[in-house]
Structure formats: structure tokens, C-alpha cells
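Reading through the C-alpha cells given below for one structure.
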Amino acid sequence: MADNVQETPLLDELEKGPWPSFVKEIKMAAKRNPMAVDLLGQLEKSYREKIGYWKHGGIVGVMGYGGGVIGRYSDLSEEFPNVSHFHTMRINQPAGWFYTTDALRSICDIWEKHGSGLTNMHGSTGDIILLGTSTDHLEPVFDELQKIDFDIGGSGSDVRTPSCCCGQARCEWACYDTMGACYDFTMAYQDELHRPAFPYKFKFKFSGCPNDCVASIARSDLSIIGTWRDDIQMDEAAVKEYADNGMDIQKDVVDNCPAKCMAWDGTKLEIDNSYCRRCMHCINVMPKALRPGKDRGATILIGSKAPIVEGAMLSSVLIPFIKMEPPYQEIKDVVERIWDVWCEEGKNRERIGEFIQRVGLGNFLEAIEVEPIPEMVAHPRENPYVFYEEYYEEDDEEEDDES
Amino acid sequence: MAKTVDEVADAMYTMVKDAQGMKKLKPMDLTKAMIEMYGDEVDKKLCKEAIKQLVNSGRCVYTYFGGSFLELPHREGAAND
Ligand code: SF4
Ligand code: SF4
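Sequences listed follow chains A and B, in order. All the letters of the first sequence, read from the start, carry residue numbers 5 to 407 under this note's numbering. All the letters of the second sequence, read from the start, carry residue numbers 1446 to 1526 under this note's numbering.
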């Protein structure tokens, strides 16, 4: 097989340097797999001619499912017949991306048998990405994956595969069981994950604390971020130890507190917790001395997305604090009301954040039966449902005039 | 009288068939049309079941062209043999 590999001077440039190279990996796969050989050939030609030669296939999938397979066909199927079909499959990753080596080997064995052998661990949504197979192999891959307890993930206008940080499995900062919640929501919304019925995609991401290791605040329509509502736990002896060991607590901790709610007099650290923004900065810098409080739960935020149709958006607060206990019914009730309103009124390819911008947060909150509260305000006076007294007076006067 | 899943699935199938090649219909378009056509005799849950039946039986397939749609199975233009 190696003899068939063509000259790829442009791709070879991407092998230089100390970092990992996808070209190196495709070349390794090309020693065993003819799809990888033709992939190199087509890619080199694309680089040379500055033209992409993939066509989008919008109809391929497995029986009963509307997501999880992204169709690709080559525009050069005569020249590169082995990538004539090159569909991608998204596979639902385990919560927190914990695998046994046995599970990984089994997935790779299936993919070497039915596809290019090339994977992307993991895609931006979090799924295991299996790159390159033909239409007739989709169902056999699906069958074999099911036998080892893996399922296809989401794509298209559906719930995308939920993802979470490793949470309490490995991280002392986790304020709730992210993996438990992620698994629970994945199972509860199987129908919405496999049968696209929304105006566009909807992503859940679960982070155990405000460090937000899965970037839920930037990458998910519903961000569920662990937090606490009591005081930061402090071990004063450990604070002293940090100072004795040379940490500049004033400069490195206190001065960087975004709420300016910390004070250090050279011997004692004080925190005015009522002003704390739960940003994790001080805890990250002094992990032995400070910990999140004991009354833990999550903040639910809504509306972030990467810049595709409109610009990038960050999530904003929907529920400032909620206890995270199975079966998470209160959150699910809100989610389902959100979906009802968005499905009814949303435009094609309109993410929930864009929808809220279009209809106005006030109207949206009313429709999903959530009371507006000050924590939802990102910038006072820019927010459509914050009314100040002078506006009320103006409105009242106008009404009086009309009547 | 409440409609059955089969009746709603048949009505949806007719809509999809009539629109094929002219307009792509989203699952929500079909649901809204059924509610408009049958009023209280259907609800969203029943429509969801009807769509599931259409897809599981192979009468309709999901397609994706910038959004997800329901169409009759067909060979798409981009497909290679
Ligand atoms: S988000 Fe927080 S809890 Fe989750 S892994 Fe990161 S630091 Fe730990
Ligand atoms: S968590 Fe952030 S806002 Fe709160 S005290 Fe620490 S640095 Fe300040």
C-alpha cells in the first residue's frame, strides 16, 4: 500500500516542526488503508489548486436517526475513487471522556474494518469523530458500535451530544456531579438528540465550577456551571504558609480579584463574600488555602454560540443558583418550555441566543415563565427589560394624555 | 375525536410528497400544519410519534441542508455511485 502514496510536497510542509501533524497521521494510516492514500492525494491537489473538492451529502444516515452522520462526497471520484464517499460519523463520547483502553481499541477495530481508520478525538462538541466511510458501511458501523454500548451523537437541528468536564471524578473544585448530570440529560433527551425537530442546534455543556473547563459559557446554548452561594472556605494556616513561602498575596491574589472584595494586611486574608463573583481566581492561586463554599449547586446560563450565522455570543445568566440533584426536573421543565417557544417562533438556523436577541429578553422570559431578576443584567441600561423610574413616568404621562 | 398516529403520519406523508422537489419541510412545519388542520384532535406529542413512525418505516428520511428536513427517500444530486 505504501507504494501507492503519491508525492505530497505541500502537505509535507505540515509535518515539519515539533508539534503533532495530521499529515503524519494520515500517512501512517495510508500504509494500511486505501482511503487514507486517496485522501492525501485529494488534499495535496486541493492545496495545489486552492480548491476544496468535497461535496456535502445531506441525506446519508442510519435508519431512524436524523443526526450523527455528516455526508461527504469527493468531486474527483474518478481520480480518487477510494474517497468517492467519505462520510463522517459522530459518536457519543462517554461523560468526561473516560474510556477503558479496551473500549478505545474496539472503536478503532470497527473503524479500521469499515472506514478510513482515521479519527478525531474529539470534535468541538465533544464527540468521537470517525472520519471517512462509505454509505454502505454506515449501518454495519452503527450495529457494531451498539454491540459495545456506543451510540451515534447529534448533528443538524437537534440536541447535540451533551458534554461535561471530569467533575467529581477527578477534580476537587467540582460543585456538582457533572458526569451524572450529563449522562442523565443525554438519556432523557435521546429523542431530541436523534430526531432533529428544532430551528437549529442546541448544546448542553456541564462544567463543575466557574473555571469552566468545557468552555460552556462560550460554546453551549445551555451552560450549567457549578458554583456556591455561601462563603469561600479558608484555611488560615495554609494562607500563612503561602505567604511564608514567598507568595505575594497582595499582588497575585488580592489585586487580581475582579470584585475587589479581598483584603490582606500582611498577616490576615479577608474576603467580603457578599461581593464575591465566584470567579475562582483566588482559589486557583491558593488551592491549599481556599476552597469553594459548602452550599453548592450551579448557575444556568443561556445563549452562547460560535460565530457562524451571526457573531460569537457568550451565555448570560438565566438561573443564578440551583441545587443540582437528580432527576434535575426543575431544569428540564425550563428547558422544555424554552424549546416549545423557540420551536414555535424561531427562524431556520436561528440559535437560541439569537432568538432571544430578536424577540427581546423580557418577552422571552415571559414566554418561558421565568421572572426577570437583577443577576440576568449584563450591562444596566443596555438591557431591554430594565425600566427606570423616569421611563415609567414618561409612559404614564403618555397614557394619561391618550385617555 | 382524537386522530391516530397512523392517520397523522399519512397526512404528513401526503404533505411531504406534494412538496417534494419544491419545498423542504421541517418537522415543525408538519406539526404546525397538523395542528392547523386537525385542531384539538392532535397535539405535539402525537405529531412527534407520527414523524417517528414515518422515519422508522422508511417512508420519509431526515435530510440536512443548512437545517434538518423531512423528505421522501431519493438519490441526492451530490451523491457518487
Ligand atoms: S470546570 Fe472546574 S470542576 Fe470541572 S474540571 Fe475544570 S476546574 Fe474542575
Ligand atoms: S472568587 Fe474571585 S471574586 Fe471571589 S474573592 Fe476570589 S478572586 Fe475575588
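Using N, Cα and C, we set each Cβ at its ideal position, and we do this for glycine too.
Give a yes or no on whether the C-beta atoms belonging to residue i and residue j are separated by under 9 Å.
| i | j | result |
| --- | --- | --- |
| V218/A | K205/A | no |
| R281/A | Y69/A | no |
| G56/A | S159/A | no |
| I1496/B | P1472/B | yes |
| N277/A | C265/A | yes |
| I1/A | V321/A | Because chain A is modelled from 5 through 407, residue 1/A falls outside the range shown and cannot be assessed. |
| F359/A | E375/A | no |
| L226/A | I356/A | yes |
| S128/A | C169/A | no |
| W232/A | D299/A | yes |
| H89/A | T139/A | yes |
| I228/A | I342/A | no |
| G157/A | M39/A | no |
| G301/A | I326/A | yes |
| G297/A | D234/A | yes |
Using only the heavy atoms of ligand 4, determine whether one of them is closer than 8 Å to the beta carbon of residue i.
| i | result |
| --- | --- |
| D225/A | The ligand content of the structure shown is limited to ligand 1 and ligand 2, which means ligand 4 is not among them. |
I'd like to know if residue i contacts chain B, where contact means its C-beta is closer than 9 Å to some C-beta of that chain.
| i | result |
| --- | --- |
| I360/A | no |
| A310/A | no |
| E83/A | no |
| K2/A | Coverage of chain A is limited to positions 5 through 407, which leaves residue 2/A absent and any answer about it impossible. |
| H141/A | no |
| R385/A | Note on R385/A: pLDDT 49, under 50, position unreliable in the model; the coordinate value appears next. It does not; no Cβ of chain B falls within 9 Å. |
| A192/A | no |
| E373/A | no |
| E402/A | Unreliable placement is indicated for E402/A, whose pLDDT of 43 sits below 50; the coordinate value is still reported in the next sentence. No, no contact with chain B. |
| D147/A | no |
| Q46/A | no |
| M39/A | no |
| D195/A | yes |
| E348/A | yes |
| G121/A | no |
| D162/A | yes |
| D405/A | Note on D405/A: pLDDT 39, under 50, position unreliable in the model; the coordinate value appears next. False, the Cβ-Cβ gap to chain B never drops below 9 Å. |
Are the C-beta atoms of residue i and some chain A residue less than 9 Å apart?
| i | result |
| --- | --- |
| E1452/B | no |
| Y1458/B | no |
| G1503/B | yes |
| K1497/B | yes |
| D1485/B | no |
| E1521/B | yes |
| G1512/B | yes |
| V1461/B | no |
| E1516/B | yes |
| R1468/B | Sequence check: residue 1468/B is Lys here, not Arg. No, K1468/B does not count as interfacial toward chain A. |
| M1482/B | no |
| M1473/B | yes |
| A1524/B | yes |
| T1476/B | yes |
Let me check understanding here. Comparing Cα to Cα, which of the options lies closest to residue i?
| i | options | result |
| --- | --- | --- |
| P98/A | A34/A, S159/A, L318/A and P166/A | P166/A |
| Y1458/B | A1478/B, G1484/B and S1513/B | A1478/B |
| L305/A | D337/A, M380/A and V289/A | M380/A |
| M238/A | E196/A, E143/A and V289/A | V289/A |
| E11/A | Y193/A, G21/A, F26/A and L47/A | L47/A |
| A263/A | K255/A, Y279/A and I30/A | Y279/A |
| T1449/B | C1492/B, N1525/B, L1475/B and D1463/B | C1492/B |
| S110/A | D153/A, M93/A and S120/A | D153/A |
| G1512/B | A201/A, L142/A and Y193/A | A201/A |
| E176/A | L135/A, K292/A and L44/A | K292/A |
| Y332/A | A192/A, D269/A, V345/A and A247/A | A192/A |
| E82/A | D42/A, T92/A, D248/A and L318/A | D42/A |
| F1514/B | A1454/B, V1461/B and D1526/B | V1461/B |
| V163/A | V27/A, L142/A, Q194/A and G100/A | Q194/A |
| A185/A | G100/A, I156/A, G121/A and P144/A | G100/A |
| L122/A | G130/A, L135/A, D131/A and D113/A | L135/A |
What are the partner residues of residue i, as DSSP defines its beta bridges?
| i | result |
| --- | --- |
| G184/A | G184/A pairs with nothing; no bridge assigned. |
| S227/A | K209/A and L305/A |
| N124/A | I133/A |
| T92/A | I74/A and L135/A |
| T1508/B | F1514/B |
| M317/A | K309/A |
| Q237/A | R295/A |
| E274/A | A267/A |
| H285/A | DSSP, once it has assigned bridges, lists no residue as partnering H285/A. |
| R300/A | W232/A |
| K1471/B | Note: K1471/B sits in no beta bridge, so no partner. |
| C217/A | According to DSSP, which records beta bridges pairwise, C217/A is partnered with nothing at all. |
| W58/A | S78/A |
| C170/A | According to DSSP, C170/A bridges with nothing at all. |
| V345/A | DSSP lists no partner for V345/A. |
So, under 8 Å CB-CB, residue i and residue j are touching, yes? Tell me the CB distance rounded to an integer number of Å.
| i | j | result |
| --- | --- | --- |
| T303/A | P330/A | Between P330/A and T303/A the Cβ distance is about 18 Å, and since that is not below 8 Å, they are no contact. |
| I236/A | I287/A | 7 Å |
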